[in-house]
Each structure stands twice: as C-alpha cells, then as structure tokens.
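Below: the structure, in structure tokens.
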Amino acid sequence: MSDNNVEKDDFTGVETTGHEWDGIKELNNPSPRWWLLVLLATIIWAVGYWIVYPAWPTLSGDGERGGTEGTFGWTQYDQLKESQAEIMARRAAYLDRFNTASFEEIKANEELYAFAVAGGASAFKDNCATCHGTGGSGSAGYPNLLDDDWLWGGDVDAIHETIRVGVRGEHDETRYSEMPAFGDMLGTKEISDISDYVLSFTSAGDYDGPGQELYEQQCAACHGMDGRGIRDFGAPNLADAIWFYGGTKGDIMSQIRRPKHGVMPAWETRLDESTIRQLAIYVHSLGGGEE
Amino acid sequence: MLNKHKALEKNSILMLIFTVITISIGGIIEIVPLFRMETTIEPVKGVRPYTPLELAGYNVYLREGCYNCHSQQIRPLRDEVERYGHYSLAAESMYDHPFQWGSKRTGPDLARVGGKYSDLWHIQHMIRPQDVVPESIMPPYAHLAKKGADLADIARDMEALRMVGVPYTDEQIANAYNDAVAQAQDESDYHDGLVERYSKVTMRNFDGQKTTTELDALIAYLQVLGTMAELKDYSHDGTKRSAE
Numbered sequence: 011m012s013d014n015n016v017e018k019d020d021f022t023g024v025e026t027t028g029h030e031w032d033g034i035k036e037l038n039n040p041s042p043r044w045w046l047l048v049l050l051a052t053i054i055w056a057v058g059y060w061i062v063y064p065a066w067p068t069l070s071g072d073g074e075r076g077g078t079e080g081t082f083g084w085t086q087y088d089q090l091k092e093s094q095a096e097i098m099a100r101r102a103a104y105l106d107r108f109n110t111a112s113f114e115e116i117k118a119n120e121e122l123y124a125f126a127v128a129g130g131a132s133a134f135k136d137n138c139a140t141c142h143g144t145g146g147s148g149s150a151g152y153p154n155l156l157d158d159d160w161l162w163g164g165d166v167d168a169i170h171e172t173i174r175v176g177v178r179g180e181h182d183e184t185r186y187s188e189m190p191a192f193g194d195m196l197g198t199k200e201i202s203d204i205s206d207y208v209l210s211f212t213s214a215g216d217y218d219g220p221g222q223e224l225y226e227q228q229c230a231a232c233h234g235m236d237g238r239g240i241r242d243f244g245a246p247n248l249a250d251a252i253w254f255y256g257g258t259k260g261d262i263m264s265q266i267r268r269p270k271h272g273v274m275p276a277w278e279t280r281l282d283e284s285t286i287r288q289l290a291i292y293v294h295s296l297g298g299g300e301e
Numbered sequence: 011m012l013n014k015h016k017a018l019e020k021n022s023i024l025m026l027i028f029t030v031i032t033i034s035i036g037g038i039i040e041i042v043p044l045f046r047m048e049t050t051i052e053p054v055k056g057v058r059p060y061t062p063l064e065l066a067g068y069n070v071y072l073r074e075g076c077y078n079c080h081s082q083q084i085r086p087l088r089d090e091v092e093r094y095g096h097y098s099l100a101a102e103s104m105y106d107h108p109f110q111w112g113s114k115r116t117g118p119d120l121a122r123v124g125g126k127y128s129d130l131w132h133i134q135h136m137i138r139p140q141d142v143v144p145e146s147i148m149p150p151y152a153h154l155a156k157k158g159a160d161l162a163d164i165a166r167d168m169e170a171l172r173m174v175g176v177p178y179t180d181e182q183i184a185n186a187y188n189d190a191v192a193q194a195q196d197e198s199d200y201h202d203g204l205v206e207r208y209s210k211v212t213m214r215n216f217d218g219q220k221t222t223t224e225l226d227a228l229i230a231y232l233q234v235l236g237t238m239a240e241l242k243d244y245s246h247d248g249t250k251r252s253a254e
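Here's what the structure looks like:
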C-alpha cells in the first residue's frame with residue numbers, strides 16, 4: 011500500500027482497501043500479531059513432528075518397506091503392545107496359575123474358577139452367542155448348552171476339544187460324523203415306520219410295528235439299540251425328547267430322508283489356548299456339565 | 011516484500027506463473043509420496059487376488075451397500091484386537107478396488123469374519139437375520155438366494171482390476187467363468203485347476219442350492235475375509251517383504 015493516494019479512515023486513521031459496499035469501507039488492518047506467531051509456531055511444530063514421528067514414504071527399493079521411522083521410533087503397533095502388556099500384567103495374577111492348573115485344580119480353587127467363568131462369559135458373548143444365543147440356549151440347528159444333552163460329550167475336556175477343533179469344520183482333527191441320506195435307500199413307508207418307532211422312545215405305550223426291525227438294521231449301529239445315541243460317532247440321543255431339528259414326525263422323516271449337518275468352526279485358529287479353556291469351563295458351568 | 015503484491019496482482023502473466031509455482035509445491039507434496047505408496051504396505055505372505063466367485067460376492071457386497079453399516083478394518087487398539095482378532099494390515103485390502111474399510115459400525119466389523127460362522131449360519135442370517143441373532147436390526151437379504159450370480163462379465167471385471175494393479179494372470183481370466191461356477195459346487199472337474207490358480211481356496215456349495223446364486227458368491231466372499239494373510243509369520247518389525 012505504498013501508493014500516495016490511499017484513503018484513510020477518518021475515525022481510526024487506518025488505510026482502507028478501497029473496496030466499498032453500500033457505503034461501508036473495509037479497513038486494511040494487519041492480522042493480529044499473536045495470531046501470526048501461532049501460525050508460524052504450528053508450522054515449526056509440524057516440521058518437528060516429521061522428525062520425531064513416522065511421516066514420509068521414502069524412495070526405498072522394490073519390495074522393501076519404506077517410510078521415515080522418526081527419531082522416537084514410535085509405532086501404533088508398539089503402542090498396542092504396551093496397552094496389551096498392561097492388561098496382561100493385571101491378568102497375570104490369575105493367568106499364570108490358570109494356565110498351569112488342570113481343570114480339576116481350577117474347579118477346586120474358588121478364585122481361579124471365578125476368573126475362568128468371568129473370562130469365558132466375556133469371550134462367549136463375542137464369539138459364541140451369535141449361534142448359541144446370548145444365554146447359551148441355542149436355536150434350531152444350534153445346540154442348547156444349558157441342558158445335559160451333549161452330542162460330543164459334556165465334561166470339561168470334551169467341551170474343550172469341541173471348541174478347539176470344531177464340528178465338521180476345516181480343522182484337521184475336527185469332530186466329524188455324517189448321517190447318510192436314507193431317502194436314497196428307503197421308501198417313504200419305511201421312513202415313516204422308522205419315525206414312528208423313534209417317536210415311541212419318548213411316548214407312552216408299547217410300539218408294535220415294522221419300524222423296530224428297520225431301525226435296528228439301519229439306525230442302531232450309530233444311535234444304539236435303545237436310541238440313546240453314541241457320542242463317539244456324534245450320534246444324538248433319540249430317547250430324551252430333545253430334538254435338534256424338530257420333534258414332529260414330519261421333522262424326523264425329513265431328517266432321515268436328507269439329514270441336515272451343522273458345522274461349528276474350529277476356534278484354535280482364532281482364540282488362544284487360555285481363552286478356549288475359560289470358554290470350556292464357562293460352558294460347563296451353564297448347567298448341564300458332566301463330571 | 012509483503013507490500014509488493016500489487017505488482018503481482020496487476021500483471022496477469024506474472025500472476026499465472028506464481029499461481030502455477032504455488033500449486034506445484036502443494037501438488038508435489040501431496041502427489042509424489044503416492045508413487046511410493048507400496049512401500050507402506052506391510053510384507054505379509056498369503057494375500058492373493060479374489061477368485062472370480064469371491065469377486066462376484068464382493069460386487070454384491072458393494073451393490074447392497076454393506077459398507078454403510080459394516081467396516082472392514084480392525085484398528086490396532088486393545089479392545090478391537092480383543093474382540094475381532096489381529097489388527098488389519100494394508101496388505102489385506104491391497105486388491106480391493108475400492109477398499110471396504112468403512113467408517114461406520116452399525117453392525118460389527120467384518121475384516122476377519124471368514125470362518126467365524128458356518129455357511130448355514132450365513133444362509134439363515136441373510137434370509138432373516140433375527141432367526142439367529144434376535145436382537146439384530148439388520149434387514150433381510152433373502153433375494154440374494156433367488157438370483158443367479160452375475161458372472162457373465164466377471165472375466166472383464168478381472169481385466170479391469172488388472173489395469174489398476176491386481177495381478178490376475180491370463181489363465182485366471184480365461185477360466186474365470188468356469189472357476190466361479192466350480193467354486194460353488196461340492197464336486198467339479200475344474201477344482202484341480204482352481205486350486206492351482208488360487209492358493210488356499212475353499213470350494214463347496216455355499217448356499218446349499220444347485221444353482222450358483224448371489225448368496226453363494228457373497229458367502230464365498232465373507233468366508234475368505236481376513237483368512238488369507240499368514241499372520242503367524244508376520245511381525246511389524248520386518249523391513250523386507252519376504253519372497254512369495
């Protein structure tokens with residue numbers, strides 16, 4: 011504004027910019043000094059940031075990881091490790107003993123047992139509740155974990171194993187069983203007879219019909235002569251009135267004709283051993299756990 | 011110097027030159043690092059481009075706007091790692107165009123949903139989410155089970171992705187349609203070829219129906235999410251990308 015003919019505001023004596031809107035003229039005041047200093051300080055601060063924190067990609071060679079590392083050597087991954095270490099240190103009071111103790115020892119130790127049940131309950135909500143229900147009561151096709159009807163065994167070791175390897179999953183040691191589709195081998199009449207006999211396990215009165223012989227030929231090898239199932243084969247108990255895929259005659263016929271097979275993922279690949287052990291103890295504690 | 015800008019403002023050529031210089035400085039600072047973006051991708055083994063069927067599922071995921079409620083990015087924070095598993099690596103979404111990181115979680119993060127639930131669960135959940143998760147507010151996507159997967163153009167889709175850097179081979183593109191159909195079948199003559207062309211591929215009838223539906227494609231995609239990277243071998247301290 012070195013022009014000689016600049017206009018000055020009469021009242022303040024400050025130069026105007028020469029712009030006028032409806033008789034109001036803009037004063038050409040400089041930015042406040044404090045504001046300018048803050049701006050400059052933040053610019054200098056940013057340069058400091060580049061130096062101490064990871065900031066810029068670099069011209070590293072192909073296939074190499076690049077970027078400036080910063081003099082502090084800070085990474086968000088180290089920060090994560092530190093915060094994890096902090097919580098692990100708090101858990102360590104229990105975790106060290108928990109990891110080395112057997113299930114019997116944990117059961118006998120009130121403190122460790124409470125720790126396991128609390129940890130298991132928390133992991134259950136994140137990982138198991140989506141199928142087995144928030145309270146563990148299951149739904150059609152997903153077993154109820156509150157009762158004493160277990161497909162693969164209900165003691166802590168068996169539950170632990172089921173969680174670890176899953177059922178019909180992708181784990182090498184996964185629990186596996188597959189009922190054949192009897193719709194390919196038997197006619198509707200025979201399937202209907204077998205269903206009547208299966209229903210007779212849980213209803214009053216004696217069964218007298220052709221279904222018994224067919225059952226003993228076709229089904230008893232896995233489900234047992236008395237229909238109580240055989241856990242080694244994952245064959246469900248048919249005599250306890252607990253039905254996985256429905257208990258009407260139609261449901262049973264459909265399951266004989268073309269059985270549904272549920273899949274439970276293996277959790278060994280997702281959760282650490284300590285969490286799986288906590289889950290096993292928690293599920294065992296829900297009500298139906300066996301000794 | 012600050013008082014000399016009148017000369018600049020009154021000479022349009024000078025103004026133009028200084029404008030170009032100013033914009034160039036900003037441009038260089040913002041654009042040049044992008045040319046070396048690959049150096050910020052962590053070295054981790056196992057991440058491969060999507061199979062044609064998974065890619066079709068990814069397209070369904072985009073079309074249905076799943077990203078509006080689901081993120082695919084586990085941040086390196088203690089609580090997230092505790093809930094969802096290992097934090098996400100840049101390498102795990104390097105073949106996504108566009109990436110599905112998302113910024114809003116109405117539903118849970120899906121970055122590591124692969125293998126967490128059974129196929130049957132996904133089928134029931136897509137048809138009526140409340141059947142398996144009573145408290146869920148997710149809308150049903152039952153129509154996916156009734157519509158054939160859009161595979162007619164999947165090879166051209168892969169060609170387009172190759173142009174932006176996804177390393178699909180000629181062989182993968184030539185076999186795209188058959189690979190896609192075969193992956194959604196329990197048995198197929200194409201399975202051997204599929205295994206050769208894509209590492210760690212799972213092949214099965216995802217939705218339990220004979221036809222290859224959009225549900226097949228979407229479940230195939232969901233079941234592979236977060237399962238490719240070999241995280242056991244990964245350490246963020248590694249500076250060299252291991253040979254694949």
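So the sequence lines, in the order shown, correspond to chains A and B. In terms of the numbering used here, the numbers along the first sequence are unbroken and rise by one, the last being 301. In terms of the numbering used here, the numbers along the second sequence are unbroken and rise by one, the last being 254. Idealized CB from N, CA, C, for every residue including glycine.
key: Closer than 8 Å at the beta carbon, the chain B residues around Ile97(A)   = Arg88
key: Beta-carbon separation (whole angstroms), Gln82(B) vs Gly124(B), contact threshold 8 Å   = About 11 Å separates the two Cβ atoms, so there is no contact after all.
inquiry  = On the DSSP letters alone, give me the boundaries of the beta strand (DSSP E) that Trp31(A) sits inside.
reply    = 26-31
inquiry  = Using the three-state DSSP reduction, which class does Met274(A) fall into: helix, strand or coil?
reply    = strand
request  = Jot down the residue ranges of each uninterrupted alpha helix (DSSP H) in the stretch 189-241 of chain B, minimum 4 residues, whole runs only, in chain order.
outcome  = 201-207, 224-234
ask   = Where does the unbroken alpha helix (DSSP H) through Leu224(A) begin, and where does it stop?
value = 221-228
inquiry  = Which same chain residues end up closer than 7 Å to Gly23(A) when comparing Cβ atoms and leaving out the 5 residues on each side of it in sequence?
reply    = none
query = Are the stretch 240-257 of chain A and the stretch 197-215 of chain A in contact at 8 Å, needing three or more beta carbon pairs?
reply = yes
query = Taking 8 Å as the CB-CB cut-off, is Asp136(A) touching chain B?
reply = yes
request  = Quick one: which residues of the stretch 64-89 of chain B get their C-beta closer than 8 Å to a C-beta of chain A? List them in chain order.
outcome  = Correct list: Pro86, Leu87, Arg88.
ask   = Enumerated in chain order, which unbroken segments of the alpha helix (DSSP H) with a length of 4 residues or greater are wholly contained in the stretch 37-88 of chain B?
value = 62-73
key: Contacting residues, own chain, Cβ-Cβ under 7 Å from Glu64(B) (five flanking each side not counted)   = Cβ neighbours of Glu64(B) beyond the five flanking positions: Ala230, Tyr231, Val234.
query = Any beta-carbon of chain A closer than 8 Å to the one on Tyr151(B)?
reply = no
ask   = What's the gap between the Cα of Leu155(A) and the Cα of Tyr105(B)?
value = 41 Å
inquiry  = Which residues does DSSP list as the beta-bridge partners of Ala126(A)?
reply    = Answer by DSSP bridge pairing: none, since Ala126(A) is not bridged.
key: Residues within the stretch 127-138 of chain B neighbouring chain A, beta-carbon criterion of under 9 Å   = Per Cβ criterion, the list reads Tyr127, Ser128, Asp129, Leu130, Trp131, Gln134, His135.
task = Give me the Cβ distance between Pro139(B) and Ser146(B), rounded to the nearest whole Å; I'm assuming they're in contact under 8 Å.
result = 4 Å
ask   = Does DSSP put Lys135(A) in a helix, in a strand, or in coil?
value = helix
key: Span of the beta strand (DSSP E), counted from its first residue to its last, around Leu37(A)   = 34-37
task = Put Ile266(A) into one of helix, strand or coil per three-state DSSP.
result = helix
ask   = chain B partners of Pro190(A), CB-CB under 8 Å?
value = Within chain B, no residue comes near Pro190(A); the closest Cβ sits about 16 Å away, beyond 8 Å.
key: Sheet register partners of Asp177(A) (DSSP bridge)   = Here the sequence assigns Val to residue 177(A), which means Asp is not the residue at that position. Under DSSP, Val177(A) takes part in a beta bridge, and its partners are Arg185(A), Met274(A).
task = Kindly list the residues whose CB is nearer than 7 Å to the CB of Pro59(B), restricted to its own chain and excluding five residues on each side of it in sequence; keep chain order.
result = Tyr105, Val176, Pro177, Tyr178
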